[in-house]
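Worksheet for the structure shown next.
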């Protein structure tokens with residue numbers, strides 16, 4: 002009787018391990034795919050375009066924006082091809098990420114996305130820093 006119980010526990014443990022490993026493999030494949038897409042075209046503007054398009058393609062969403070710095074000057078780019086220099090970063094969520102140096106998730110009504118599909122009840126905005134060491138070099142804002 003105890004062998005059956007031990008076998009059931011072992012089976013449950015192995016199933017959980019398989020789920021965890023499958024999740025880790027999915028994340029690694031996502032990162033490898035993103036790295037391959039980013040390295041396709043040289044140059045900063047090409048890298049930015051590839052990053053924004055890849056994020057929306059691989060994760061999903063309706064828009065992707067990036068705020069980055071060149072010689073301390075804030076710059077902006079989005080999925081639709083808009084590029085501009087900024088006098089200052091005024092987006093409160095981006096400022097929050099720059100100050101806190103951590104991921105921000107904002108949940109809002111699905112109607113805010115202006116999409117017409119009805120199966121969803123919530124939409125999200127993810128704002129996260131891109132860091133090199135401890136230094137934030139850019140902030141990506143992804144609307145899902």
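In my numbering, the protein residues as written are 2 to 145. Heads up, the beta-carbon is just placed ideally off N, CA and C, and yes, glycines get one too.
Who are the Cβ neighbours of residue 62 in its own chain at under 6 Å, not counting the five residues just before and after it?
143, 144 and 145
Can you name the residues that DSSP bridges to residue 1?
Because the chain is modelled from 2 through 145, residue 1 falls outside the range shown and cannot be assessed.
By DSSP's criteria, residue 126 is part of a beta bridge. Which residues make up the other side?
107 and 144
Buried or exposed: residue 32, going by 16 or more other Cβ atoms within 10 Å of its Cβ?
exposed
Simplified DSSP state of residue 89, which is helix, strand or coil:
coil
So, at 6 Å on beta carbons, what are the nonlocal neighbours of residue 127 in its own chain, with the 5 sequence-adjacent residues on each side left out?
106 and 143
Separation of residue 46 from residue 57, as counted between CA atoms:
17 Å
Cβ pair residue 71, residue 53 closer than 8 Å
no
By how many angstroms is the C-alpha of residue 11 removed from the C-alpha of residue 166?
Since the displayed the chain opens at 2 and closes at 145, residue 166 lies outside it and no answer follows.
Compute the distance between the beta-carbons of residue 76 and residue 59, then report whether it is under 8 Å.
no
Reduced DSSP category for residue 14 - H, G, I as helix; E, B as strand; rest coil:
helix
Nearest CA to the CA of residue 64: which residue from 74, 48 and 82?
82
Going by DSSP in three states, residue 102 sits in which element: helix, strand or coil?
coil
CB contact check: residue 91 to chain D, cutoff 8 Å:
In summary, chain D is missing from the structure at hand, where a single protein chain is found.
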